[in-house]
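Residue numbers (our numbering), protein chains in the order written: chain A, 1 to 253; chain B, 254 to 557.
Beneath this line is the structure, given in structure tokens, with notes to follow.
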Amino acid sequence: MKDTRARVISNQEVAQDTYLMILECNLPSSVPGQFVMVKIDETSCDPFLRRPIAILRQGDNSIELLYKVRGAGTLELSRKNSGGILSVLGPLGNGFSLSERNGTIIYVAGGTGLPPILALAERIRRGYLIVGARTRADIPLWKRMEGISGIKALAMTEDGSFGRKGMATDALAELTTQDPSPCIIYACGPAGMLKAVSEQARRIRARCQVSLEERMACGFGVCSACTVKTSEGSKRVCVQGPVFEADLVEWGA
Amino acid sequence: MMDTSVRITSTLTLKNPVLSASGTFAYGEEFSKLFDLSILGGILTKGLSLKPKEGNPTPRVCEAPCGLINAIGLENIGVDAFISDKLPFLCTFDTPIIVNFFGTREEEYELMAGRLNIEGVSAVEMNVSCPNVSKGGLEFGKDPGILRNLVAQVRKATEKPLIVKLTPLVSDIGEMALAAQDGGADAVTCSNTIPAMAIDEKTWRPVLGNATGGLSGPAIKPIALRNVWEVAKRVRIPIIASGGAGSWQDVIQFLLAGASAVEIGSASLRDPLCFRSIIEGIESYMYDHNLMSVYELIGKLKTP
């Protein structure tokens, strides 16, 4: 973990309200699923807190961030031009386990849960990538996902405007029925989707790792804001997560 | 030779007036990965209770203009785990360790103070002001008679410097500070977060799981500044400021208002390295203004 200055190289809208930002910065090396806390404005105290954003890709001296404009902070971030300076704290969190070598790999991304999942698929380069979204405009970087060697990308939209009509979990159920060989599932997305994915994984006895989202203040473990209930007690999403074994998480109603 | 140190009691001297704040520093481990904690004037640790405590439902934080509202709910590992698992690490740093604690009953405060009357603990800060728990704290901090008695009882249970963290939620904070002093407090911390709320107009629900929380950050600094000034007029014991400070300029302002030291809380969530720049900023300021001691600033506000 390091707090460092970052220079905006580019910041482009790649889907509706979704931006791909490339930053020149020197961070310790990260694993997919880890994130950074981005300070949006150095001089103004409004917005006050940093924003947690998953690392999509890390180069020698750069990182890529994919984020959706959801409020005042990310709106401000979307207005940054190349050459702009930000502060970046990271890499933070635990990231996905990369040790599984056997079996089919299925990545499930729902809505804004795409970045850490795409990061992982691009690292492992093997398996099925299911991308679920409300509508076509909510799917960024489709060409890039289709182009990952070793990855078969499947799009699901709720309104059927792109890929197939349905939920990401429909595609997951189909895949695991067609191919009942052992698999590992990695998922990130809305809590409802993660709960459903985790139940499917339990039924077929597949290992499943989920990346959780929770409101954070610090992002590095000191404020205890982002706790989640697990069978091993309450855990801080920012340092003991954001990636958890799905069967440990106590899903709410 | 410029001297940035301040003396809180005969056994508690801070090398500079910059402290971490309780609740935003956990038990020091995370921050120690970012900078050498020995540069601090002192470390205030996360508020402890007799038994481990779970805290409130999430969401526990939300942003507010120039600050944040939190309702963590005093989640902590309990005093015993702190002493065995956290204190030894904290003691490796060359800075006083000030342990914040709270209770739900008078006897619990006494027990806690007694338990913390051990080597390695430099001082204790008793919280009578957390707005986010149904029991424990706030009700002790609102009545001067009750507060005086509580402090007097805790005073008997510890030889450590005893700091009382006051609530801003009273009509006369000076009177509460005086009650703490009369009870035997060595210093007062002034003050805590300010009860606040956020509502989501889309869902018609409170944003926080606990419905209400405590506002902190730059938004409350002017209120804290005024509270320190009011308290400084009433008590002779040192005042530790807490509320919205995040820059060296803020620290200088709190010193002028009458504080002997200043806790940095919310600002360190945004900028974990701010302690370093604040301490350096104070040194530069003193050098530029030819000040030999921090005491040339404390309470030196010029008023008409």
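C-beta atoms are modelled at their ideal positions from N, C-alpha and C, and glycine is treated no differently.
Query, Result
"Residue 25/A: first and last residue of the uninterrupted beta strand (DSSP E) it sits in", "Careful: residue 25/A lies outside any beta strand (DSSP E) and carries neither H nor E."
"Close beta carbons around residue 296/B, own chain, < 8 Å, minus the five adjacent residues each side", "272, 273, 278, 281, 290, 343, 346, 348, 349, 350, 351"
"Proximal residues, the segment 216 to 236 of chain A versus chain B, C-beta separation under 8 Å", "216, 217, 218, 220, 221, 222, 223, 224, 225, 226, 227, 228, 234"
"Residue-level contact to chain B via CB, residue 48/A, 8 Å cutoff", "yes"
"Proximity of residue 331/B and residue 305/B at Cβ, strictly below 8 Å", "yes"
"Residue span of the beta strand (DSSP E) that contains residue 398/B, given as start and end", "Premise fails: residue 398/B lies in the alpha helix (DSSP H), 397 to 410, not in any beta strand (DSSP E)."
"Chain-ordered neighbours of residue 39/A on chain D, where CB pairs are closer than 8 Å", "Going by chain labels, chain D is absent from the structure shown, which instead holds the protein chains A and B."
"From 252/A, 210/A, 247/A, residue whose alpha carbon lies closest to that of residue 237/A", "210/A"
"CB-CB length for residue 446/B against residue 424/B, believed under 8 Å", "That pair is no contact at about 18 Å."
"Minimum Cβ-Cβ distance from residue 448/B to chain A less than 8 Å", "no"
"Nearest to residue 230/A (by Cα), restricted to the options 79/A, 224/A, 249/A", "249/A"
"Cross-chain neighbours of residue 408/B in chain A, by beta carbon under 8 Å", "Chain A residues near residue 408/B: none, gap ~30 Å exceeds 8 Å."
"Beta-carbon proximity of residue 474/B to residue 442/B, cut-off 8 Å", "no"
"Three-way DSSP call (helix, strand, coil) for residue 196/A in this model", "helix"
"Proximal residues of chain B, C-beta to C-beta of residue 118/A below 9 Å", "Per Cβ cutoff of 9 Å: no residues; residue 118/A is ~26 Å from chain B at best."
"Segment contact flag, the segment 255 to 275 of chain B with the segment 502 to 516 of chain B, C-beta cutoff 8 Å, min 3 pairs", "yes"
"Residue 376/B - containing beta strand (DSSP E), residue span", "376 to 380"
"Residue-chain proximity (residue 247/A, chain B), Cβ-Cβ < 8 Å", "no"
"Chain B residues whose Cβ lies nearer than 9 Å to that of residue 214/A", "311, 312, 313"
"Minimum Cβ-Cβ distance from residue 3/A to chain B less than 8 Å", "yes"
"Backbone secondary structure at residue 527/B - three-state DSSP", "helix"
"Cβ-Cβ separation, residue 130/A to residue 171/A (assumed contact under 8 Å), whole Å", "5 Å"
"Contacting residues, own chain, Cβ-Cβ under 8 Å from residue 227/A (five flanking each side not counted)", "214, 234, 235, 236, 237"
"Proximal residues of chain A, C-beta to C-beta of residue 475/B below 9 Å", "Simply none; closest approach about 13 Å."
"C-beta atoms of residue 437/B and residue 485/B nearer than 8 Å", "no"
"Which listed residue (182/A, 79/A, 66/A, 102/A) has its alpha carbon closest to that of residue 144/A", "66/A"
"DSSP-derived helix/strand/coil call for residue 45/A", "coil"
"Per-residue contacts from residue 89/A into chain B (C-beta, under 8 Å)", "525"
"Beta carbon proximity, residue 45/A to chain B, threshold 8 Å", "yes"
"Cβ-based neighbour list, residue 394/B, same chain, cut-off 7 Å, excluding 5 preceding and 5 following", "381, 382, 400, 419, 420, 429"
"Spatial distance of residue 167/A from residue 109/A (CA atoms)", "10 Å"
"Residue from 45/A, 12/A, 117/A with nearest C-alpha to residue 34/A", "117/A"
"Length of the line joining the Cα atoms of residue 451/B and residue 541/B", "43 Å"
"Coarse secondary structure for residue 128/A, derived from DSSP in three states", "strand"
"C-beta atoms of residue 321/B and residue 48/A nearer than 8 Å", "yes"
"Within-8 Å CB hit, residue 590/B to chain A", "Given that chain B is displayed from residue 254 to residue 557, the structure contains no residue 590/B and the question cannot be resolved."
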